[in-house]
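**Q** Order-wise, the sequence lines are chains Z and C. The numbers in my numbering rise by one with no breaks, and the one at position 52 of the first sequence is 52. Going from the second sequence to my numbering is simple: count from 1 and add 1000.
Protein chains: 2
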Amino acid sequence: MSTALAIHGGAGSISAQRLETMRETYESALATALEAGKGVLHDGGPALEAVVAAVCALEDTPCFNAGRGSVLNADGEPEMAASIMVGATLDAGAVANLHRIEHPVLAARAMLEQRHTLLSGSKAEDWLVDNDALSTQAPEWFITDERCSQWESLRARGEVALAHESQTVGAVARDNRGGLAAATSTGGLANQQPGRVPDTAVPGSGTWADDRTIAVSTTGDGDVFLRHGFARRVADLVELEAISPQRACDQALSELKKLGGKGGCLAVGSAGPPVLRMNTPSMFRGLLAEDGRLYVAIGKGEAWHAPGAGWAHPPG
Amino acid sequence: MSTALAIHGGAGSISAQRLETMRETYESALATALEAGKGVLHDGGPALEAVVAAVCALEDTPCFNAGRGSVLNADGEPEMAASIMVGATLDAGAVANLHRIEHPVLAARAMLEQRHTLLSGSKAEDWLVDNDALSTQAPEWFITDERCSQWESLRARGEVALAHESQTVGAVARDNRGGLAAATSTGGLANQQPGRVPDTAVPGSGTWADDRTIAVSTTGDGDVFLRHGFARRVADLVELEAISPQRACDQALSELKKLGGKGGCLAVGSAGPPVLRMNTPSMFRGLLAEDGRLYVAIGKGEAWHAPGAGWAHPPG
């Protein structure tokens, strides 16, 4: 069966100026994450390990809002969440309100083997660290100068960052046995109320995987995705309406927009290439094409291209 | 339009002996909650206020696991969660890991007007108490002798309580303008890992309301309901398959069972009486019939009857 992999680094509306300055950084980060996931799939590894590898790489990159480089909550602290789901069993693991685990997606994966699905807060974080030998870091390791400036500016205005600019990261994959998996990770919203649990931490909203239908990872207005039950909705549209993953994502994004929600999503079904859809002006995104090459794009209408190589190479 | 109201006090498998001893207590508590919700609906009030009134009454009753009478987590503390959803707007509010707010469902309702959907933990609880003038209580107010004994026994055996015995409470309602609402509240699982976020706190899993389809409240194996996206699934089955609320609930419960999940749910659509379904031997439940009378039942096959009046009166 043909493998597939797609990743995102958040939907939003990056300015032309910032895009010009940062394009190489973003594309290089997307390429690194795609390579990590591709390595797993091309070695015959499971979709679960491919999405974990890709999301770990995105968490390591300070330009995205997950793991290192997470935004700061109203207390000036990183506050991270992640979830993961395996399509063969519908097993899911999720974590929220983490402050020190280096790779939140690894905490979510550790939860797959626990007796609870979603854990939140410091006591849960301490318990996961003790039980699963997860690496931790001091707060200053997560915090970048750019996130500090952003936080100070929002704080001075008494505002929370726009949700659909959140730069949440995620991945979906299909392995050579047809197994699907999805993972999503976020630092939440800059200057958010401490204790906010985002859709990223919720199977059925930010993440979904079912081998019979589809794997989904979302990014955008998390609170709207949460009260829309977005990822479960996409899967139900594919299953019950027998429409394509692309049509299902577009319909769900259109419903989301009626609720005031902006964002995007990745999806991969049991056959065919992944789809990457958005109702925002941009989404940092990448995919592994069937020919084994990597492609990236940022602006909504932008053609797929090899990282750093301009816009001339649509995927095969 | 005809009003409708149904409530649950948890699915499970109560022993015949305990049922005999406790029937009057349970039925009286269910009747009190039904009366509270009926009062709102018969005064022409909105479904949202009816489910809040019913769930507040259930939270006040120590025999159910929500608010006062909540079970104790692994730290020996009450740890409560609730969610609420309004079908006209799909607005949802939810809270998890609360330790001192007297009525968690009122905290969930307060969240409807905030800019985030789901908040968790002590900082969020402090913020809600300060902002919304919610009543609080000391831990000992919530804790009953029976919950202490249960906790000590589980702790000695190193076990977490069986999820489908959780006695979570919930309500669904339709008001005389056709508006739907649902609310669910729980103390979680006895001896659970502190920080567990249950399906009860998650719109799309434990609670759902959409005026175009259905309102749903669930009880049972919360972690399985969460990774099944249960309440959103019921709504999608009604909308996309055009099947009855009863068939949708039964199909979703059957899917849940395949994932190892036991439990039950309430649902009410845009017309017709509420449905109350379970795949467990019992579910504490009650409904307001079209003739304005109140009916309750506990065992799965048990006929609807007036509270305290035996099994002789099926609802009109």
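For each residue, glycine too, the CB sits at the ideal point set by N, CA and C. These figures come from a predicted structure and were not determined experimentally.
Give a yes or no on whether 9 angstroms exceeds the smallest Cβ distance from Gln193 of chain Z to chain C.
**A** True, the Cβ-Cβ gap to chain C drops below 9 angstroms.
**Q** Identify the residues that DSSP records as bridge partners of Arg1285 of chain C: which are they?
**A** DSSP, once it has assigned bridges, lists C:His1008 and C:Ala1297 as partnering Arg1285 of chain C.
**Q** Buried or exposed: where does Ala312 of chain Z fall if 16 or more other Cβ atoms within 10 Å of its Cβ makes it buried?
**A** Reliability of the predicted coordinates at Ala312 of chain Z is poor, the pLDDT of 46 falling under 50, and the value obtained from them is presented with this limitation in mind. Label assigned to Ala312 of chain Z: exposed.
**Q** Identify which residue in C:Ala1209, C:Trp1304 and C:Thr1219 has its Cα closest to the Cα of Thr1186 of chain C.
**A** Taking only the C-alpha atoms, the option nearest Thr1186 of chain C is C:Thr1219.
**Q** Quick one: what's Ser1002 of chain C bridged to in DSSP?
**A** Partner(s): none; Ser1002 of chain C has no beta bridge.
**Q** By a C-beta neighbour count over all protein chains shown, 10 Å radius and 16 as the cutoff for buried, is Gly1316 of chain C buried or exposed?
**A** Caution is warranted here: a pLDDT of 40 is assigned to Gly1316 of chain C, below 50, making its placement in the model unreliable, and no coordinate value can be reported.
**Q** Does the region 131-139 of chain Z touch the region 55-64 of chain Z, meaning 3 or more C-beta pairs lie closer than 8 angstroms?
**A** These segments do not touch.
**Q** Taking the alpha-carbon of Pro1078 of chain C as reference, which of C:Gly1272, C:Pro1194 and C:Gly1045 has the nearest alpha-carbon?
**A** Closest by alpha carbon: C:Pro1194.
**Q** Would Glu1125 of chain C and His1099 of chain C be called neighbours here (beta carbons separated by less than 9 angstroms)?
**A** Cβ atoms of Glu1125 of chain C and His1099 of chain C: closer than 9 angstroms.
**Q** In whole angstroms, what separates the C-alpha of Ala1107 of chain C from that of Ala1033 of chain C?
**A** For Ala1107 of chain C and Ala1033 of chain C, the distance between alpha carbons rounds to 18 angstroms.
**Q** Extract the residue ranges of the beta strand (DSSP E) inside the region 237-292 of chain Z, only unbroken runs of 3 or more that lie entirely within it.
**A** Counting only runs of 3 or more, we get 263-269, 275-278 and 282-288.
**Q** Indicate whether the contact test is met: 3 or more Cβ pairs, each with one atom in the region 1150-1162 of chain C and one in the region 1088-1098 of chain C, closer than 8 angstroms.
**A** Cβ pair count under 8 angstroms is below three, so no.
**Q** Give the straight-line distance between the Cα atoms of Gln1246 of chain C and Gln114 of chain Z, rounded to the nearest whole angstrom.
**A** Each residue's alpha carbon lies about 33 angstroms from the other.
**Q** Mind checking who Val1086 of chain C pairs with in its DSSP beta bridge?
**A** BP columns for Val1086 of chain C point to C:Asp1091 and C:Ala1181.
**Q** Terminal residues of the continuous beta strand (DSSP E) containing Trp1208 of chain C?
**A** Note, Trp1208 of chain C: beta strand (DSSP E), Thr1207 to Asp1210.
**Q** Hey, quick one: how far does the beta strand (DSSP E) through Ala171 of chain Z stretch, first residue to last?
**A** Taken as a continuous stretch (DSSP letters only), the beta strand (DSSP E) holding Ala171 of chain Z covers Val169 to Arg174.
**Q** Grab the span of the beta strand (DSSP E) containing Ser217 of chain Z for me, first residue to last.
**A** Start and end: Ile214 to Gly220.
**Q** In chain Z, what lies closer than 7 angstroms to Lys1123 of chain C by C-beta?
**A** Within 7 angstroms Cβ-Cβ: Pro194 and Gly195.
**Q** Give the residues of chain Z in contact with Asn1097 of chain C, contact being defined as C-beta atoms less than 7 angstroms apart.
**A** The answer, in chain order, is Ser120 and Gly121.
**Q** Tell me whether the beta-carbon of Ala1173 of chain C lies closer than 9 angstroms to the beta-carbon of Val1051 of chain C.
**A** Contact flag set, yes.
**Q** Return the first residue and the last residue of the beta strand (DSSP E) that Leu1119 of chain C is part of.
**A** Taken as a continuous stretch (DSSP letters only), the beta strand (DSSP E) holding Leu1119 of chain C covers Leu1118 to Ser1120.
**Q** Pro1203 of chain C CB to nearest chain Z CB: under 9 angstroms?
**A** Answer yes: the Cβ-Cβ gap between Pro1203 of chain C and chain Z drops below 9 angstroms somewhere.
**Q** Strictly below 8 angstroms CB to CB, what residues from chain C border Arg232 of chain Z?
**A** Those are Gly1204, Gly1229, Arg1232, Arg1233 and Asp1236, listed as they occur along chain C.
**Q** In chain Z, which residues lie less than 8 angstroms from His1042 of chain C when you measure between Cβ atoms?
**A** In chain order: nothing, as chain Z lies at least about 29 angstroms away.
**Q** Classify Leu1134 of chain C as helix, strand or coil using the three-state DSSP reduction.
**A** Coil, per DSSP.
**Q** What does Arg196 of chain Z pair with, by DSSP beta-bridge criteria?
**A** Its beta-bridge partners are C:Leu1119.
**Q** Quick check: is the beta carbon of Trp1141 of chain C nearer than 9 angstroms to any beta carbon in chain Z?
**A** For Trp1141 of chain C, the answer is no, since every Cβ of chain Z falls outside 9 angstroms of its Cβ.
**Q** Count the other CB atoms within 10 Å of the CB of Gly260 of chain Z; is the residue buried (16 or more) or exposed (fewer)?
**A** Answer is exposed; the Cβ neighbour count stays below 16.
**Q** Using a Cβ-Cβ cut-off of 8 angstroms (strictly less than) and excluding sequence neighbours within five positions of Pro1139 of chain C, which residues of its own chain qualify?
**A** Around Pro1139 of chain C: Glu1077, Pro1078, His1099 and Arg1100.
**Q** With DSSP run on the structure shown, which of helix, strand or coil describes Pro1046 of chain C?
**A** If DSSP states are grouped into helix, strand and coil, Pro1046 of chain C belongs with coil.
**Q** Under a Cβ-count criterion, where at least 16 other Cβ atoms within 10 Å of its own Cβ denotes burial, should Gln1192 of chain C be classed as buried or exposed?
**A** Per the 10 Å Cβ criterion, buried.
**Q** Residues of chain Z with CB closer than 7 angstroms to the CB of Arg1115 of chain C, please, in chain order.
**A** Correct list: Val160.
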